[in-house]
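Structure first, commentary second.
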Amino acid sequence: MKIVHDYLIQMGGAERVVALMAEAFPEAEILTSATQYETLFPEFNGRTIRNSWMQHLPGINTHFKKFFPLYPWAFRSLGTVQDDLVWMSSSGFAKWTDFAPETPVFCYCHTPPRFFWQPDNYLPYEVPNKALQYVVRGMIPSLRQSDYRAAQRMTHLIANSRTVQDRIKQFYHRDSVVIHPPVDVERFTVSHHSEDFYLIVSRLVGYKGLDRAVVGLSKLGKRLVVIGSGPDKARLQSLAGPTVEFKGRLSDEEVTWHMQNCYAFVFPGLEDFGITPVEAQASGKPVLAFGGGGALETVQPGVSGMFFYEGTADSLAAAVPEFERQSWDPDTIRANAEQFSEQAFLDKMIGLMEQETGLQLANLQHA
Numbered sequence: 019m020k021i022v023h024d025y026l027i028q029m030g031g032a033e034r035v036v037a038l039m040a041e042a043f044p045e046a047e048i049l050t051s052a053t054q055y056e057t058l059f060p061e062f063n064g065r066t067i068r069n070s071w072m073q074h075l076p077g078i079n080t081h082f083k084k085f086f087p088l089y090p091w092a093f094r095s096l097g098t099v100q101d102d103l104v105w106m107s108s109s110g111f112a113k114w115t116d117f118a119p120e121t122p123v124f125c126y127c128h129t130p131p132r133f134f135w136q137p138d139n140y141l142p143y144e145v146p147n148k149a150l151q152y153v154v155r156g157m158i159p160s161l162r163q164s165d166y167r168a169a170q171r172m173t174h175l176i177a178n179s180r181t182v183q184d185r186i187k188q189f190y191h192r193d194s195v196v197i198h199p200p201v202d203v204e205r206f207t208v209s210h211h212s213e214d215f216y217l218i219v220s221r222l223v224g225y226k227g228l229d230r231a232v233v234g235l236s237k238l239g240k241r242l243v244v245i246g247s248g249p250d251k252a253r254l255q256s257l258a259g260p261t262v263e264f265k266g267r268l269s270d271e272e273v274t275w276h277m278q279n280c281y282a283f284v285f286p287g288l289e290d291f292g293i294t295p296v297e298a299q300a301s302g303k304p305v306l307a308f309g310g311g312g313a314l315e316t317v318q319p320g321v322s323g324m325f326f327y328e329g330t331a332d333s334l335a336a337a338v339p340e341f342e343r344q345s346w347d348p349d350t351i352r353a354n355a356e357q358f359s360e361q362a363f364l365d366k367m368i369g370l371m372e373q374e375t376g377l378q379l380a381n382l383q384h385a
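Each residue of the sequence shown is one higher than the last, beginning at 19 in this note's numbering.
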C-alpha cells in the first residue's frame with residue numbers, strides 16, 4: 019500500500035487525515051512533493067517518506083503556494099506508482115501522479131483545487147498581488163483540463179462532505195461517496211462549565227467570514243475570543259469592538275481549555291466541512307453557525323446548535339437572542355460529535371477499500 023499527499027509542509031486538517039492513515043498503515047510508503055520535517059505531526063515519525071525534487075528548492079517551506087506551476091511535474095517525476103492499493107489525500111496536484119493501469123487508487127478529495135475551479139472565492143484572499151492573479155487566471159483553462167483528466171484516472175473518488183461531493187460531480191462529472199474527516203473527539207471531555215465568552219478558532223483569512231462574527235457580536239456587546247493568526251488579522255481588529263479579544267496562536271492545551279470553557283462556538287463562514295465545530299461539540303458546547311456547507315452535516319439545529327442563513331453580521335446578531343434562550347444539553351451535544359471520531363473514519367474508509375478491492379487490509383495495519 020502507498021499513501022500520496024499534495025505536500026507535508028503546513029500541518030492542517032488534511033495532514034491530520036494523512037497522519038491517521040500513516041499510523042494505521044505503518045508500512046505504507048508516503049509519496050509527496052515536499053516535506054518540512056521540523057513541523058511534522060508525531061504520527062509521521064519513523065514513516066518512509068519519498069519526496070520529489072521540489073524538496074530541494076530554496077524557500078519551498080515558506081513559499082510553497084507560489085511554486086504551483088511546478089507541482090504537476092514534481093508528481094510525475096515520482097515515476098509510475100504500482101501497488102496493491104494506493105490511498106490518496108488531495109486538494110491539489112497529487113492526482114497528477116502516474117499510476118500503473120491496474121492499480122486501484124482511492125482519492126480522498128478535500129476539494130477540487132479552489133484556485134482554478136473557484137478562483138473568485140480564492141484568489142483575492144490567497145493571491146493579493148493583482149499581476150500574479152492575472153497570470154494565474156490565464157493558466158486556468160489548461161489547468162482545469164489537466165485536472166479533469168487526472169480525476170478520471172482515479173478508480174474511486176471519496177468526498178469529505180456533501181458540499182465537496184457536489185463539486186466533484188460539477189467539475190469532474192464523477193460520482194463519489196462521502197466519508198467525513200476524522201476528528202480527535204477523545205482529546206475533549208464534556209464540560210458543564212461555561213464562562214461568558216463566545217469562541218472562534220480559525221486561520222484569519224478573508225474567505226472564512228470571521229468579520230460577520232466580529233462585527234455582529236461587537237454590536238451586541240458580547241464577549242468574543244478569537245484564536246488564530248493570519249493575513250486578515252489587522253482588518254478584523256479594526257472592525258472589532260472592546261469586547262473582542264484576539265489571542266493569536268495558542269497551544270493545543272490552551273485551545274482545549276477555551277473549547278471546554280466557552281459559552282458557545284461560532285462558525286460564521288461557508289466551509290467544506292469544518293473540524294472545529296465538531297471539536298466544540300465534543301466539549302459539549304453548542305455552535306452558532308452559518309447555515310451552509312459542512313455545518314449542515316455536523317450541527318443539528320435545536321440539538322447541538324443553531325444556524326443563521328444570511329452571510330452578514332446583522333443576520334448573525336439577529337440569531338443570538340434565540341440562541342441564548344435555548345437550553346443546551348452538553349451530553350447530547352457530545353453524542354452528536356462522536357459520529358465523526360477517528361475510529362469511525364477508519365472503519366468507513368477501510369471498509370470501503372476492502373469492499374472494492376477484496377483485500378484484507380487488517381493484514382497491513384499496525385504491522
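Glycine included, each C-beta is placed from N, C-alpha and C at the ideal position. Owing to the predicted nature of the structure, the values given are computational and were not obtained by experimental measurement.
If you ignore the 5 residues before and after R155, its C-beta comes within less than 7 Å of the C-beta of P137, all in its own chain and listed in chain order. The Cβ atoms of V284 and L238 do not sit closer than 9 Å to each other. Sequence-distant Cβ neighbours of Q183 in its own chain, meaning closer than 6 Å and more than five residues away, are A177, S194 and V196.
About 16 Å separates the CB atoms of M172 and D102; that is not less than 8 Å, and the two are not in contact.
V22 sits close to S108, with the two beta carbons spaced by under 9 Å. Residue environment analysis places G323 among the buried positions, since at least 16 neighbouring C-beta atoms fall within 10 angstroms of its C-beta.
Q73 counts as buried, since no fewer than 16 other beta carbons sit within 10 angstroms of its beta carbon. Taking 8 Å as the upper bound for CB-CB distance, P304 and A282 are in contact here, some 5 Å apart.
CA-CA distance, V208 to K148, rounds to 47 Å.
If you look at K251, you'll find it in the alpha helix (DSSP H) that goes K251 to L257. In the three-state reduction of the DSSP assignment, Y126 falls in the strand class, which pools E and B. The beta carbons of P286 and A231 sit closer together than 9 Å.
Look at L222 here: in three-state DSSP terms it is coil, with no helix or strand label. If you look at I293, you'll find it isn't in any beta strand (DSSP E); DSSP assigns it neither H nor E. In the assembly as shown, E263 is an exposed residue. Its beta-carbon has fewer than 16 other beta-carbons within 10 Å. In this structure, the straight-line span from the alpha carbon of R68 to that of P122 is close to 20 Å. When the alpha-carbon of F93 is set against those of D365, R167 and W71, the nearest one is in W71.
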